[in-house]
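Visitor:
There are 4 protein chains.
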Amino acid sequence: MQIKIDNASTRPIYQQIIDQIKRDIALGRLKAADKLPTVRQLAAQLVLNPNTISKAYRQLEQDGIIVTRPGAGAYVAELSSNLSKSVRKKLLCEQIELLVVEAVHMQIDARTLGEWFDGTAKKFKFTDSEE
Amino acid sequence: MQIKIDNASTRPIYQQIIDQIKRDIALGRLKAADKLPTVRQLAAQLVLNPNTISKAYRQLEQDGIIVTRPGAGAYVAELSSNLSKSVRKKLLCEQIELLVVEAVHMQIDARTLGEWFDGTAKKFKFTDSEE
Amino acid sequence: MQIKIDNASTRPIYQQIIDQIKRDIALGRLKAADKLPTVRQLAAQLVLNPNTISKAYRQLEQDGIIVTRPGAGAYVAELSSNLSKSVRKKLLCEQIELLVVEAVHMQIDARTLGEWFDGTAKKFKFTDSEE
Amino acid sequence: MQIKIDNASTRPIYQQIIDQIKRDIALGRLKAADKLPTVRQLAAQLVLNPNTISKAYRQLEQDGIIVTRPGAGAYVAELSSNLSKSVRKKLLCEQIELLVVEAVHMQIDARTLGEWFDGTAKKFKFTDSEE
DNA sequence: GTGGTCTAGACCACC
DNA sequence: GTGGTCTAGACCACA
Numbered sequence: 000m001q002i003k004i005d006n007a008s009t010r011p012i013y014q015q016i017i018d019q020i021k022r023d024i025a026l027g028r029l030k031a032a033d034k035l036p037t038v039r040q041l042a043a044q045l046v047l048n049p050n051t052i053s054k055a056y057r058q059l060e061q062d063g064i065i066v067t068r069p070g071a072g073a074y075v076a077e078l079s080s081n082l083s084k085s086v087r088k089k090l091l092c093e094q095i096e097l098l099v100v101e102a103v104h105m106q107i108d109a110r111t112l113g114e115w116f117d118g119t120a121k122k123f124k125f126t127d128s129e130e
Numbered sequence: 000m001q002i003k004i005d006n007a008s009t010r011p012i013y014q015q016i017i018d019q020i021k022r023d024i025a026l027g028r029l030k031a032a033d034k035l036p037t038v039r040q041l042a043a044q045l046v047l048n049p050n051t052i053s054k055a056y057r058q059l060e061q062d063g064i065i066v067t068r069p070g071a072g073a074y075v076a077e078l079s080s081n082l083s084k085s086v087r088k089k090l091l092c093e094q095i096e097l098l099v100v101e102a103v104h105m106q107i108d109a110r111t112l113g114e115w116f117d118g119t120a121k122k123f124k125f126t127d128s129e130e
Numbered sequence: 000m001q002i003k004i005d006n007a008s009t010r011p012i013y014q015q016i017i018d019q020i021k022r023d024i025a026l027g028r029l030k031a032a033d034k035l036p037t038v039r040q041l042a043a044q045l046v047l048n049p050n051t052i053s054k055a056y057r058q059l060e061q062d063g064i065i066v067t068r069p070g071a072g073a074y075v076a077e078l079s080s081n082l083s084k085s086v087r088k089k090l091l092c093e094q095i096e097l098l099v100v101e102a103v104h105m106q107i108d109a110r111t112l113g114e115w116f117d118g119t120a121k122k123f124k125f126t127d128s129e130e
Numbered sequence: 000m001q002i003k004i005d006n007a008s009t010r011p012i013y014q015q016i017i018d019q020i021k022r023d024i025a026l027g028r029l030k031a032a033d034k035l036p037t038v039r040q041l042a043a044q045l046v047l048n049p050n051t052i053s054k055a056y057r058q059l060e061q062d063g064i065i066v067t068r069p070g071a072g073a074y075v076a077e078l079s080s081n082l083s084k085s086v087r088k089k090l091l092c093e094q095i096e097l098l099v100v101e102a103v104h105m106q107i108d109a110r111t112l113g114e115w116f117d118g119t120a121k122k123f124k125f126t127d128s129e130e
């Protein structure tokens, strides 16, 4: 696993770890049942305190993204969401709005933003539509 | 100006204020040269510590979104961006990635996300393309 | 707030704190928008490390049961559940099964268990049925 | 014997084994004097470390639920409980409280919870009342 | 050896 | 002053 910590970022370290693991899963680089590095391994590799890794893993587990078992390690879980669809829509649309507002203030026109959006989305492994 | 603080949100209050002012500008509800409420007015209206409002205004000024003239109040600035296009692309694409990763983990398919994105984008006043 | 820690219990301390706060809310002793003791206050009162209290509060926040704001403290949130109804049913029925199995092994007959159940349920403030 | 391990559960594996054996007994699928699989058999069947099975059996024996005769295997014991009725009541009522508190926070109304409780209880073989 | 819990103590962002 | 993050290090339950 390749994880890079940006110490200059205001984003907490544990959150950066979460971001990158979720990204790797969404990209298909990590698949369900794959084993994650142990807390101690990753802590040594990134030169961080094991508690920091632990916090990231705990959060990921709580979000149902990984499964951790004392004595066995941490594994990627099946994709799933306990949230009701309306809650998911609300959460995502809030994030979309922030993105769009930012784009407007950066004077990026709608077409360009749409292209960047499509270009980025193409790289990820979405769940198939259930039409 | 209508600003609503969501105390349940983990987003800091000063950030929520920033978000909503930027949103109102992007929606066209606030236009260049419009006068913003004074720090004291807004603090009284939202029942918040004036320091919190100050922090939001200071941040907005730093981002070139408003202009404060000491003694005369704060005004909406012209849209502009000092950032190079490549930096803007990088910043927005990072945000797009976080959004898409989140959508994948919520098992929202690409088409649905695209629809939500388009629906949201339509509400805002983008700068015209400079083709 | 009256919280009692049982050091003899195998249940982690932070979990005991969570249990009792959720209980107080369910009993109506704590109501939405009530202020909880600060992390440091409660840590001093229970002679525990502030991190332990912090962990309990963080978990409660993640479950949408309280709202914490740096600089402002922690407050009881409105009752709500982001979980879909089927997930809620599954979670509760698993817990019910464990309870019933335990009762059978303790040779408690069905009627007695039902009475204990009703007696306990009566003490709590359920959401009204939405028939 | 059909035992299923849910690796996604936070419940320890040895505890899941205990849960399911107790459940099978409470359902009447396993009866007093029935022979349980050997530690090795079960370990092979579930692809688990034999120590894990051992721990489960040891705990079940300690709780008086099974009897292991060295060299002869493990057998289901007669239902019995050394605990005084008041202790049993205390233990069960604690568990009932946790269940009810959870239900309140999930915004399940009392009637629905009661129905789920009755529906679940009906499936099990309670000891007859000793009125 | 694995992750989980708890303590102790430093530093920072928020209000 | 509030809670959040991170480090360091001890001890325990699980496999």
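As you go down the protein sequences, you meet chains A, B, C and D in turn.
Just so you know, numbering that gives the first Met the number 0 puts the end of the first sequence at 130, numbered straight through with nothing missing.
Just so you know, numbering that gives the first Met the number 0 puts the end of the second sequence at 130, numbered straight through with nothing missing.
Just so you know, numbering that gives the first Met the number 0 puts the end of the third sequence at 130, numbered straight through with nothing missing.
Just so you know, numbering that gives the first Met the number 0 puts the end of the fourth sequence at 130, numbered straight through with nothing missing.
From the three backbone atoms N, C-alpha and C, an ideal C-beta is built for every residue, glycine too.
Confirm, please, whether the CB-CB distance from Leu35(C) to Ile65(C) is below 8 Å.
Guide: yes
Visitor: Output the residue ranges of the alpha helix (DSSP H) runs that lie fully inside the segment 9–80 of chain D and measure 4 residues or longer, sorted by chain position.
Guide: Correct list: 12–26, 38–45, 49–61.
Visitor: Please classify Arg28(A) as buried or exposed, where buried requires at least 16 other C-beta atoms within 10 Å of its C-beta.
Guide: exposed
Visitor: Tell me whether Gln15(D) is buried or exposed, calling it buried when 16 or more other Cβ atoms sit within 10 Å of its Cβ.
Guide: buried
Visitor: In chain C, which residues lie with their C-beta within 7 Å of the C-beta of Ala7(B)?
Guide: Going along chain C in sequence order, the residues near Ala7(B) (Cβ under 7 Å) are Val66, Ala76.
Visitor: Between Asp18(C) and chain D, is there a C-beta pair that is closer than 8 Å?
Guide: yes
Visitor: For Leu112(C), collect the residues of the same chain with a Cβ closer than 6 Å to its Cβ; drop the 5 residues on either side in sequence, then sort them by chain order.
Guide: Hits under 6 Å: Ala102.
Visitor: What number of angstroms, rounded off, separates the C-alpha of Val46(B) from the C-alpha of Ala32(B)?
Guide: 26 Å
Visitor: Using a Cβ cut-off of 8 Å (strictly closer), state whether Ser53(C) contacts chain A.
Guide: no
Visitor: May I ask which residues mark the beginning and end of the alpha helix (DSSP H) holding Leu82(A)?
Guide: Careful: Leu82(A) lies outside any alpha helix (DSSP H) and carries neither H nor E.
Visitor: Can you pull out the residues from the segment 81–97 of chain A whose beta carbon lies closer than 7 Å to at least one beta carbon of chain C?
Guide: Answer in chain order: Asn81, Leu82, Ser83, Val86.
Visitor: Consider the Cβ of Gln61(C): report whether some Cβ of chain A lies at a distance smaller than 8 Å.
Guide: yes
Visitor: Could you give the distance in angstroms between the alpha-carbon of Phe123(A) and the alpha-carbon of Ser80(B)?
Guide: 30 Å
Visitor: Pull up the CB-CB distance for Gln106(C) and Thr119(D), whole angstroms please, since I reckon it's below 8 Å.
Guide: Not a contact, Cβ separation roughly 18 Å.
Visitor: Compute the Euclidean distance between the alpha carbons of Thr67(A) and Ala55(D), then round it to the nearest angstrom.
Guide: Their Cα atoms are separated by approximately 20 Å.
Visitor: Return the residue from the list Pro11(C), Gln1(C), Ala7(C) that minimises the CA-CA distance to Ile24(C).
Guide: Gln1(C)
Visitor: If distances are taken between C-alpha atoms only, which option among Val86(C), Ala109(C), Phe116(C) comes closest to Leu97(D)?
Guide: Phe116(C)
Visitor: Which residues in chain C have a C-beta closer than 9 Å to the C-beta of Val100(D)? List them in chain order.
Guide: Residues of chain C with a Cβ closer than 9 Å to the Cβ of Val100(D) are, in chain order, Asp18, Lys21, Arg22, Ile24, Ala25, Leu26, Phe123.
Visitor: I'd like to know whether the C-beta atoms of Leu82(D) and Ile20(D) end up nearer to each other than 8 Å.
Guide: Cβ distance not < 8 Å, so Leu82(D) and Ile20(D) don't count as in contact.
Visitor: Taking the alpha helix (DSSP H) that Lys121(A) falls in, what are its first and last residues?
Guide: 109–121
Visitor: Assuming contact is defined by CB atoms lying nearer than 8 Å, are Ile52(D) and Val38(D) in contact in what I supplied?
Guide: yes
Visitor: For a test of the three-state rule: what should DSSP assign to Ile95(A), helix, strand or coil?
Guide: helix
Visitor: For Ala102(C), does the three-state DSSP call read helix, strand or coil?
Guide: helix
Visitor: Can you check which of these residues, Thr9(A), Arg87(A), Val99(A), is closest to Arg92(B) by C-alpha distance?
Guide: A small correction: the amino acid at residue 92(B) is Cys; Arg does not occupy that position in the sequence shown. When each option's Cα is compared against that of Cys92(B), the closest is Val99(A).
Visitor: Select from Leu90(D), Ile12(D), Asn6(D), Lys3(D) the residue whose C-alpha is nearest the C-alpha of Asn50(D).
Guide: Ile12(D)
Visitor: Could you check which residue in Asp108(B), His104(B), Ile95(B) has the C-alpha nearest to that of Glu114(A)?
Guide: Ile95(B)
Visitor: Shorter than 8 Å from the beta carbon of Gln106(C) to some beta carbon of chain D?
Guide: Among the residues facing chain D, Gln106(C) is included, as its CB has a counterpart in that chain under 8 Å away.
Visitor: Going straight from the alpha carbon of Lys89(D) to that of His104(C), what length do you get?
Guide: 15 Å
Visitor: Exposed or buried, Arg22(D), counting other C-beta atoms within 10 Å across all chains shown (16 or more means buried)?
Guide: buried
Visitor: Quick one: measure Cβ to Cβ for Ala76(C) and Gly63(C), integer angstroms, because I've assumed they're closer than 8 Å.
Guide: 6 Å
Visitor: Rounded to a whole number of angstroms, what is the C-alpha to C-alpha distance between Ser85(D) and Asp108(B)?
Guide: 55 Å
Visitor: My understanding is that Gln61(A) touches Gln61(C), with C-beta atoms under 8 Å, so please give their C-beta distance in whole angstroms.
Guide: 6 Å
Visitor: Would a check of beta-carbon distances place Ile109(C) closer than 8 Å to chain D?
Guide: This sequence places Ala at residue 109(C); Ile is not what is there. Judged by the 8 Å Cβ criterion, Ala109(C) is in contact with chain D.
Visitor: Here's a check: name, in chain order, each residue in its chain whose Cβ is nearer than 7 Å to the Cβ of Leu78(B), leaving out the five neighbours to either side.
Guide: Thr126
Visitor: So, helix, strand or coil for Lys88(D), using DSSP?
Guide: Helix at Lys88(D).
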